[in-house]
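Below is one structure, written out as structure tokens; comments come after it.
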Amino acid sequence: MDKDIKITGTGSSAGGTFQNVKIVGEGTIHSDVVSSFFKCTGTAVVNGHLRSNETKLTGNLKVQGDIYGDSIKTSGQLEVGGKLEVRQVKLYGDTTVRNSIQSESFKGAGSVRLHGDCNAEQLTIRGEIQASGMLNAEHIDIVLYGLCKATEIGGHSIKVKRTFMSSLLNMFGQNRHRDLIAETIEGDVIHLEYTEAKVVRGRKVYIGPGCKIGLVEYSESYREHSDAKIDACNQIGSL
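Sequential numbering from -7 applies to the sequence shown in the working numbering.
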């Protein structure tokens, strides 16, 4: 690899392959970047793809292309013009991905907007996520602090709930939407609260408070809260 690059204040780079990239201030990189470590503590724009083993962001980062790597952790604003393919993802703040997300472990706290699918083994949301495609993971755990939307949600275990604090905020008039809206939710073990869906299909299904479901199909067990609204519920054969 080439030598390290550090942009302090306002500066730019043509791009290339580096060991470490550090941007403190405002930096622009005019083409693809390949590095072992990429750190931004200000405002940065990458006019290409970013491929880094480890990426850390405190501030604002805009990548016109894709992001690849082993880990990424952000605290601020991230915009990805393409797809995000990173094994370990931790996003704290405001994130927009114009394509899809592929990850082993995905954790989002804050706001995530996704213009495609999100595929992971473990998907954890503490805030809001809005995806135009599908959320697909072995384990999905969503705590509603804001509006969450997806066309389809699928996984082995799916849990959606509000915290006591988010419910308290609604009670005191802060009527920001703290619900999940989806067309179809399908899994093995499903626990839903404050969810609107046309179809919910699973082996063990619990429909909790605040839910509005068109059709529930289950194969083994089913429970519903007295506050839930279900149009139809059917027991079916093994999924």
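C-beta atoms are modelled at their ideal positions from N, C-alpha and C, and glycine is treated no differently.
Shown here, ARG43 sits in a strand according to DSSP, grouped into three states.
For the 7 Å CB-CB criterion, GLY119 and ALA101 form a contact.
Counting of Cβ neighbours within 10 angstroms places ARG215 among the exposed residues, the total staying below 16. In the structure shown, CYS110 adopts extended strand secondary structure according to DSSP, grouped into three states. With a 10 Å radius around the Cβ and a threshold of 16 neighbouring Cβ atoms, THR155 comes out exposed. Of the residues ASP223, THR88 and SER149, the one whose Cα lies closest to the Cα of SER124 is THR88. With a cutoff of 7 Å on beta-carbon distance, VAL197 and SER149 are scored as not near each other. If you check the CB distance, GLY57 and ASN45 do not come in under 7 Å. Bridge partners of ASP223 according to DSSP: none are assigned. Looking at the backbone, the Cα of ILE222 and that of ASP133 are separated by about 22 Å. Assignment of LYS204 by DSSP, reduced to helix, strand and coil, places it in the strand class. For SER211, the secondary structure class from DSSP, reduced to helix, strand or coil, is strand. Annotation for ARG154: no beta strand (DSSP E) segment contains it, and DSSP assigns it neither H nor E.
For GLY138, the secondary structure class from DSSP, reduced to helix, strand or coil, is coil. The beta carbons of PHE98 and LEU70 sit no closer together than 7 Å. Counting along the chain, the unbroken beta strand (DSSP E) around THR88 starts and ends at 76 to 89. Going by C-alpha positions, CYS32 is about 19 Å away from GLY74.
Listed in chain order, the non-local C-beta contacts of GLY108 below 6 Å within the same chain comprise ASN91, SER92 and GLY125, local neighbours out to five positions each way being set aside. A buried status is given to GLY68, since no fewer than 16 other beta-carbon atoms sit within 10 Å of its beta-carbon. Close CB contacts of GLN94 within its chain, under the 6 Å cut and outside five residues either way in sequence, are with GLU77 and ASN111 (chain order).
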